[in-house]
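Residue numbers (this note's numbering): 1 to 60. Just so you know, even glycine gets a beta-carbon here, dropped at the ideal spot from N, CA and C. Here's the structure, in C-alpha cells; my notes come after.
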Amino acid sequence: MPTLIQQQRDFGMQKIISTQEPTVVPDGIFKLVLFLVLHQFSSPTWIKNLSKHISANLDH
Numbered sequence: 001m002p003t004l005i006q007q008q009r010d011f012g013m014q015k016i017i018s019t020q021e022p023t024v025v026p027d028g029i030f031k032l033v034l035f036l037v038l039h040q041f042s043s044p045t046w047i048k049n050l051s052k053h054i055s056a057n058l059d060h
C-alpha cells in the first residue's frame with residue numbers, strides 16, 4: 001500500500017484513508033501523510049501506536 005500511495009503522489013493524485021482502528025495502518029503510510037485528523041479517542045493502545053509516528057502533546 002505505501003508504494004501505491006507514493007506512486008499516486010508522483011502523479012498528483014490525492015487520497016483519503018479512513019480507519020476506525022489506527023493500529024492496522026502500515027507504518028510506511030504515516031511517512032506519506034500530509035494532513036492527519038484525529039477525533040476523540042482515548043485508547044491507550046492507539047495513543048501509543050500513533051505517538052511513534054506523529055509529534056503531539058499527549059499529556060491530556
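Legend entry - Minimum C-alpha distance to S18 - residue among D10, F30 and Q8: Minimum Cα distance to S18 is reached at F30.
Legend entry - Residues near I5 by beta carbon distance below 7 Å, same chain, minus five either side: For I5, where only same-chain residues beyond five positions count, the Cβ hits under 7 Å are K15, I29 and L32.
Inset, instruction - Measure the CB-CB distance between L50 and L38 and report whether it falls below 9 Å. - result: Yes, the pair counts as a contact, with Cβ atoms nearer than the cut-off.
Legend entry - For V24, the nearest candidate out of T45, S55 and F41 (CA to CA): Ranked by Cα distance from V24, the first of T45, S55 and F41 is T45.
Inset, instruction - Compare the Cα-Cα distances from E21 to each of K52, I47 and M13 and report the closest residue. - result: Cα-wise, what sits closest to E21 is I47.
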